[in-house]
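The numbers in the sequence shown follow full-length UniProt numbering, run straight up by one, and end at 296. Heads up, the beta-carbon is just placed ideally off N, CA and C, and yes, glycines get one too.
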Amino acid sequence: MSTSTFSAAHHQASTLYLPPGPWQTVLDCLCEHFSAIGREQWLDRIARGRVLDGQGAPITVDLPYREGLRIHYFREIPDEKTIPVVESILYADEHLVVADKPHFLPVTPAGEYVEQTLLRRLIRRLDNPHLVPLHRIDRHTAGLVLFSANPQSRSAYQSLFPARQIEKRYEAIAGALPDLSFPLVHKSRLVDGEPFFRMQEGPGASNTETAVEIREKNGDLWRYGLYPVTGKKHQLRVHMTALGASICNDPFYPRVLKDVEDDYANPLKLLAQGLKFVDPVTGQEREFESAITLQW
Numbered sequence: 001m002s003t004s005t006f007s008a009a010h011h012q013a014s015t016l017y018l019p020p021g022p023w024q025t026v027l028d029c030l031c032e033h034f035s036a037i038g039r040e041q042w043l044d045r046i047a048r049g050r051v052l053d054g055q056g057a058p059i060t061v062d063l064p065y066r067e068g069l070r071i072h073y074f075r076e077i078p079d080e081k082t083i084p085v086v087e088s089i090l091y092a093d094e095h096l097v098v099a100d101k102p103h104f105l106p107v108t109p110a111g112e113y114v115e116q117t118l119l120r121r122l123i124r125r126l127d128n129p130h131l132v133p134l135h136r137i138d139r140h141t142a143g144l145v146l147f148s149a150n151p152q153s154r155s156a157y158q159s160l161f162p163a164r165q166i167e168k169r170y171e172a173i174a175g176a177l178p179d180l181s182f183p184l185v186h187k188s189r190l191v192d193g194e195p196f197f198r199m200q201e202g203p204g205a206s207n208t209e210t211a212v213e214i215r216e217k218n219g220d221l222w223r224y225g226l227y228p229v230t231g232k233k234h235q236l237r238v239h240m241t242a243l244g245a246s247i248c249n250d251p252f253y254p255r256v257l258k259d260v261e262d263d264y265a266n267p268l269k270l271l272a273q274g275l276k277f278v279d280p281v282t283g284q285e286r287e288f289e290s291a292i293t294l295q296w
């Protein structure tokens, strides 16, 4: 792996500075330091070039141990479950990649997901280790995700989000709200909730804002257009719950469904449907639309 390739992959690697000890080789040190990972597994990782030295070069099994030596290794989850959904690439140039993410696929490695993530799949498909997501959507949400493909232009695209220069349009299916008048704007203060992965509304100045409109009515279920002005974690899911209509099939809101298995036939009815912005590199107005549709 060249140094430039390594620096791009670096954010996916974990780093260990070797602690003091009596070991002969780096391999011996790794085996004792990570006692849950067997020697066979470390040998396999080293053979596949998944353990690197401080310069980003793969180590050998007999590399002598030295205290303080910097080693990079890639987290791997044995028998990681395949997520049986397929992403699509809607647009790609030298600076920008726009992907359509299916429900249930995480954007980046976390927890039990490493290879089964949108980022890792796209890096493999496009053979571009420089890919970095410019924003996130939840694993349970489907739709558009923008990636920077080029470190040189990355900051120009990243600055679109805090400056609110990107128009985001979502769609959701949730219960009817006949007592409210639409379109409406919901503002609130979102704070960390319980358990740790949830958010909740709390007292104080609002830090989130969502505009909501009705797109279609179908008996007890309505299709809503959601326009988040801010981009806080779970914002749309919490706001719809606060309005009195949690999004259909939400495993976290209004309450956490315990030990729920992913039900691919009944995903969360939330879609990141449209993105619109002026491209900071070309100056062109760009508009992207998800090809995914939410079924009643």
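- R124 carries a helical assignment under DSSP once its states are collapsed to helix, strand and coil.
- The segment 174-187 and the segment 134-149 do not touch, with fewer than three beta-carbon pairs separated by less than 8 Å.
- By the Cβ-count criterion, D250 is buried, with 16 or more other Cβ atoms from all chains shown falling within 10 Å of its own Cβ.
- Within the segment 18-99, the complete beta strand (DSSP E) segments of 3 residues or longer fall at 51-53, 70-74, 88-92, listed in chain order.
- By the neighbour-count definition (other C-beta atoms within 10 Å, threshold 16), F252 is a buried residue.
- Its chain contains E80, K81, T82, I83, L105, P106 as the residues whose beta carbon lies nearer than 8 Å to that of Q116, once the 5 sequence neighbours on both sides are disregarded; these appear in chain order.
- Here DSSP, grouped into helix, strand and coil, assigns L271 to strand.
- Under the three-state reduction of DSSP, H186 is assigned to strand.
- A distance below 7 Å separates the beta carbons of L226 and T210.
- Spatial neighbours of Y65 in its own chain (CB-CB distance under 7 Å, excluding positions within 5 residues in sequence) are listed in chain order as L18, W23, Q24, T25, V26, D28, C29.
- G49 sits close to P58, with the two beta carbons spaced by under 7 Å.
- In this structure L122 does not touch Y157 by the C-beta definition: roughly 16 Å separates them, more than the 8 Å allowed.
- Apart from sequence neighbours up to five positions away, the residues of its chain that approach R215 with a beta-carbon distance below 6 Å are R223, G225, ordered along the chain.
- Straight across, the Cα-Cα distance linking F277 with R169 is about 12 Å.
- Within the model, the alpha-carbon separation for S290 versus G38 is close to 44 Å.
- The UniProt domain "Pseudouridine synthase RsuA/RluA-like" (95-241) is shown to contain whole beta strand (DSSP E) runs of 3 or more residues at 96-101, 142-148, 166-175, 184-192, 199-202, 208-218, 221-228, in chain order.
- Per DSSP, the unbroken beta strand (DSSP E) holding F288 starts and ends at 285-289.
- Considering only L43, L271, Q152, the residue with the shortest C-alpha distance to L63 is L43.
- Residue nearest to K101 within the set K232, G111, V85 is V85 (criterion: CA-CA distance).
- The criterion of a C-beta distance shorter than 7 Å is not satisfied by A172 and I292.
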